[in-house]
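Read through the structure below, which is laid out as structure tokens, and then see the notes.
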């Protein structure tokens with residue numbers, strides 16, 4: 001979807017029951033909302049109904065700030081729904097967290113600069129200083145907060161303070177090589193996107209390219225997921241792979257992997273920014 | 001979708017207007033139809049609305065044979081809709097047309113025999129006798145109707161007579177190496193599926209592997225499409241590709257291509273059998 | 001390579017040293033062997049040299065049965081080489097072991113029947129009787145050897161006796177759902193090819209499609225490997241993947257996976273039959 | 001290959017004859033050259049032999065500047081060979097030509113800046129001024145040479161003068177939206193790499209995403225090739241594809257295509273820089 005008129009998006013899930021789609025579409029229709037996109041999914045094992053519906057705000061009879069309440073009253077409460085309401089045309093604040101590898105950072109900043117994504121990037125946070133030059137090239141404030149065993153939680157408090165101060169809606173771990181503490185993660189549920197350099201669940205943890213080489217796989221991958229307190233086990237948003245062979249040294253696996261990583265991460269970010277992603281029980285529904 | 005209860009499927013398209021989804025879902029809901037799958041799409045350039053909706057027939061208040069009329073009265077006629085109604089649980093009659101290459105034929109018969117597809121295959125038609133042994137192995141009647149310049153239209157009349165006699169709903173050209181006449185094609189609009197051995201529109205016509213070799217492409221493909229009177233230009237249903245290199249001779253392109261051909265063709269057949277495919281202006285909408 | 005003249009193939013590995021290629025090519029050249037294909041690889045971490053060289057036997061000055069000795073004397077012994085000598089134009093005996101799933105079996109028999117592979121299939125062995133009809137359709141002797149905890153080793157002795165009797169060179173586990181004992185495996189080192197229904201090392205063991213569904217992966221795969229005593233950890237020969245989404249139930253993952261499994265298995269078999277595969281330390285070098 | 005010691009690379013082709021590999025390897029061996037990589041290929045239709053051989057210069061008995069002559073005397077002249085000699089460790093001068101789309105430019109400059117490629121980029125040439133800011137961000141001289149019907153050849157003279165002045169070895173058309181004249185192209189045979197935004201030969205010329213949309217393809221691609229005087233028909237170096245569906249508007253095809261374009265272009269550049277590419281009769285042999 002590539003649209004310019006303002007619209008609203010509802011991401012809904014609830015126990016599956018008869019008539020839910022009809023109820024939701026009738027609600028929007030009755031209040032003069034023109035539906036421009038609707039997709040639904042039923043998880044038949046879990047008996048859960050999922051829906052993404054987008055409608056034009058022009059002519060819609062309910063004011064933006066009242067939609068949540070009216071939807072709750074008329075529908076949501078009756079079906080035990082959990083939902084999120086989004087509006088297009090708002091630029092979310094996105095923070096980047098990086099360490100030493102520049103490829104994902106460059107890729108994100110290039111897209112940002114080109115206007116490919118409707119976002120603001122108010123800051124970059126890093127535990128190393130290596131990439132500060134790139135931040136400077138793109139005129140983004142860079143915060144160097146070194147981390148060691150002793151200062152980790154204190155530095156995270158600093159990070160969170162910065163993120164709050166800059167009103168950040170989404171955090172991207174662009175090859176950030178630190179494990180976030182549970183406390184940090186709970187501040188931003190389903191709002192931290194990581195890129196892992198393997199086709200998870202294969203090769204979790206550190207050094208997946210070394211492991212891939214040792215195992216002699218014929219395909220390597222990259223996986224982007226929301227960060228949860230279970231390391232490398234958060235809900236997967238996007239994965240992709242590339243063929244390799246015995247000719248690939250660990251170094252060439254890394255070289256090929258870098259391209260995968262940056263593309264997979266950027267696709268995951270795109271889906272998140274489009275409000276395409278619903279998370280339920282550690283899995284994602286991606287309405288695209 | 002892999003379900004066992006009987007359900008009905010509507011494939012709809014019409015000029016895009018406000019409120020269509022609400023109208024259709026309200027219609028189904030009012031008549032006690034439980035929607036189990038709904039997907040819609042708006043072609044924003046053509047301003048056409050597309051929809052696939054599937055609902056359970058158990059408890060639905062309108063008898064099967066009256067659904068078309070009631071839908072027309074209450075909705076279809078008011079929105080200039082074009083639609084098709086399908087019911088699950090009916091085994092369509094499928095005819096195979098082949099020439100000399102066995103790989104797609106084997107693949108289809110293996111799936112048929114394994115019960116992967118809910119179909120009947122009452123006959124195989126061929127312009128050569130080479131594959132009659134395979135038909136015999138799988139106990140399918142095989143009709144050998146040789147074709148030359150002079151007898152082509154007469155033989156096609158024979159073919160059509162056989163297809164009618166066996167009540168065939170779908171014709172699969174499983175590497176059938178004859179061009180069907182316009183008259184034949186018009187008898188079965190969007191009911192003839194062909195597999196072409198290139199990633200169309202590259203290399204249309206005969207000998208695409210030779211052309212791919214000459215051009216030195218790094219990727220070859222296969223394309224499955226509905227047959228129209230424009231050779232190799234019908235609506236594409238499915239395509240897939242595989243990497244090749246300078247090491248591939250024409251023979252090895254053919255070898256790799258055979259696997260592509262059979263898989264791509266079978267995916268296209270699957271979509272057709274699931275009633276996932278809508279055709280509009282030579283393009284397909286595939287609701288999956 | 002798709003050739004018809006008789007040729008010989010040497011698959012060699014040895015500690016990496018200067019001048020090995022020159023020595024081998026000089027040896028062949030001096031004895032009037034025309035090299036038609038040469039590929040080499042150096043594993044720079046292990047410092048091991050690998051080579052596949054194929055030359056025409058027409059005009060070659062050394063008789064087939066003396067090549068091994070002469071090569072050993074003039075070169076092999078001087079470089080601590082391990083090598084295997086193969087001749088084209090010989091049809092290896094291939095045994096299939098299956099259980100209940102027919103798709104890989106059908107695929108292999110179709111290729112066999114079409115003459116795609118230069119092999120003989122003297123027998124099919126199964127622990128269930130479900131697929132005996134397919135064997136009958138293709139006129140292959142089918143041995144039903146049911147296996148339970150108590151009779152496993154005894155039945156394996158039966159299987160081995162059958163394999164020896166039929167002079168089998170290669171065993172294909174075409175979704176054979178039993179774990180072979182170490183004793184069996186040691187009889188056929190790097191001569192048993194299995195297909196596993198996941199992109200190993202993700203989801204080893206049973207029920208990988210269920211695990212893939214639970215994990216919410218965006219890609220599923222299949223992996224073909226030589227069987228070793230470490231379950232699902234043998235040297236990988238070929239892997240491939242296909243994209244999936246939240247829309248895929250476990251059943252549809254299985255459906256998509258079946259196509260992957262049969263294609264990946266057949267590619268692995270092809271490489272083995274072409275003598276393209278060298279195994280070293282649980283990894284494969286695939287010269288293609 | 002990821003090595004640090006200085007080495008030499010020969011890219012050879014000649015009419016296929018017996019004993020060529022032995023001759024070449026014996027030559028290198030006799031002069032104390034340690035072969036670290038050798039790959040050969042025979043085009044059996046054209047009867048042409050291709051070879052890439054790389055050996056260490058440390059200890060090699062022939063001085064760099066004499067290798068060509070000695071090779072010619074001892075071997076090349078006797079086999080009607082055409083060859084090129086390259087040395088690793090030399091940074092080629094690479095010029096970028098761009099117009100208005102920034103994605104390939106950003107991608108190349110990011111790799112350059114990160115040290116991924118061993119090159120110098122002394123200048124960027126553009127017929128528009130839109131991307132001059134990016135050049136400035138990366139501190140690369142930017143030459144704005146607007147082109148219209150009347151000044152085209154004169155401006156190309158300017159461009160060539162700049163390229164000569166900066167001693168450029170490779171020209172990358174990173175979505176440069178002008179057709180180079182034959183005169184320009186002949187100055188740099190197999191030294192101009194273009195990225196075309198379709199899976200050639202499908203959709204040559206302008207607006208391939210519009211054509212792909214109209215045709216309803218299920219896969220889009222990008223193709224990188226050497227520029228010849230036949231528009232979009234030069235030898236293909238690399239291609240890749242991505243799946244699309246009816247949901248993709250032209251704009252989203254473009255969005256997905258941008259990622260393909262930059263990755264495919266960068267892979268082609270990598271192969272060229274590694275001296276992996278041999279061109280013969282409009283096709284490439286890529287030794288990787």
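Protein chains in written order, with the UniProt record's numbering: chain A, 1 to 288; chain B, 1 to 288; chain C, 1 to 288; chain D, 1 to 288.
Every residue gets a Cβ at the ideal spot worked out from N, C-alpha and C, and that includes glycine.
DSSP places residue 179 (chain C) outside both helix and strand once states are collapsed to three, so it counts as coil. Taking a contact as a CB-CB distance under 8 Å, the pair residue 124 (chain C) and residue 96 (chain C) counts as one, their CB atoms being some 5 Å apart. At a cut-off of 3 residues, the continuous stretches assigned as beta strand (DSSP E) that sit fully inside the segment 56 to 139 of chain C are 82 to 87, 93 to 98 and 120 to 126. Judged by DSSP in its simplified three-state form, residue 19 (chain D) adopts coil rather than helix or strand. Residue 73 (chain C) counts as exposed, since fewer than 16 other beta carbons sit within 10 angstroms of its beta carbon. Contact between residue 284 (chain C) and residue 231 (chain C) fails: their C-beta atoms lie close to 18 Å from each other, not under 8 Å.
Look at the beta carbons and you see the segment 140 to 154 of chain C not touching the segment 63 to 73 of chain C: under three pairs across the two are nearer than 8 Å.
Straight-line measurement puts the Cα of residue 276 (chain C) at about 31 Å from the Cα of residue 267 (chain B). A Cβ-Cβ separation of about 7 Å places residue 194 (chain C) in contact with residue 224 (chain C) under the 8 Å criterion. For residue 226 (chain B), the enclosing beta strand (DSSP E) covers residues 219 to 226.
At a cut-off of 7 Å between beta-carbon atoms, residue 246 (chain B) makes contact with chain D. Between residue 142 (chain D) and residue 98 (chain D), the alpha-carbon positions lie close to 10 Å from each other. Contact between residue 152 (chain C) and residue 181 (chain C) holds: CB atoms are separated by about 7 Å, below the 8 Å threshold.
Of all residues in the segment 22 to 34 of chain A, the ones placed with a Cβ closer than 9 Å to any Cβ belonging to chain B are 22, 23, 24, 25, 26, 27, 28, 29, 30, 32, 33 and 34, in chain order. Secondary structure at residue 150 (chain A): coil, using DSSP grouped into helix, strand and coil. A straight-line Cα-Cα distance of about 15 Å links residue 81 (chain D) and residue 9 (chain D). For residue 52 (chain D), the closest Cβ of chain B is not nearer than 7 Å. In this structure, DSSP gives residue 45 (chain A) a state outside helix and strand, which the three-state scheme calls coil.
Counting other Cβ atoms within 10 Å of its Cβ, residue 25 (chain D) reaches 16 or more and is therefore classed as buried. Contact of residue 253 (chain B) with chain D is not assigned, every C-beta pair being separated by 7 Å or more.
Under the 10 Å beta carbon count, residue 54 (chain D) is surrounded by 16 or more other beta carbons and is classified as buried. A check of alpha carbon separations from residue 94 (chain B) across B:106, B:100 and B:120 identifies B:120 as the nearest. Look at residue 142 (chain C) here: in three-state DSSP terms it is strand. Residue 162 (chain C) and residue 64 (chain C) have their alpha carbons spaced roughly 29 Å apart.
Taking residue 127 (chain B) as the centre and dropping the five residues before and after it, the same chain places the C-beta of 99, 145, 146, 147 and 178 closer than 7 Å to its C-beta, in chain order. When CB distances to chain C are screened at a threshold of 7 Å, the residues of the segment 177 to 200 of chain A falling below it are 199, in chain order. If the five residues before and after residue 102 (chain D) are omitted, its C-beta is found closer than 7 Å to the C-beta atoms of 131 and 134, all from its own chain and listed in chain order. Chain-ordered, the chain D residues with CB closer than 8 Å to the CB of residue 36 (chain C) read 42. Chain A places no beta carbon closer than 7 Å to that of residue 16 (chain D), leaving this residue out of the contacts. Cβ contact annotation for residue 213 (chain B) (same chain, cutoff 7 Å, sequence separation greater than five): 250 and 253, in chain order. Here residue 115 (chain B) is exposed, its C-beta having fewer than 16 other C-beta atoms within 10 Å. For residue 261 (chain B), the enclosing alpha helix (DSSP H) starts and ends at 250 to 273. Taking 7 Å as the CB threshold, residue 19 (chain D) lines the interface with chain C.
Annotation for residue 79 (chain D): 14, 17 and 20 place their beta carbon closer than 7 Å to its own, counting only its chain and skipping 5 residues before and after. The distance from the Cβ of residue 75 (chain C) to that of residue 23 (chain C) is about 5 Å, consistent with a contact at the 8 Å cut-off. Neighbourhood of residue 45 (chain D) in chain C, by CB distance below 7 Å: empty, with the nearest CB roughly 12 Å away.
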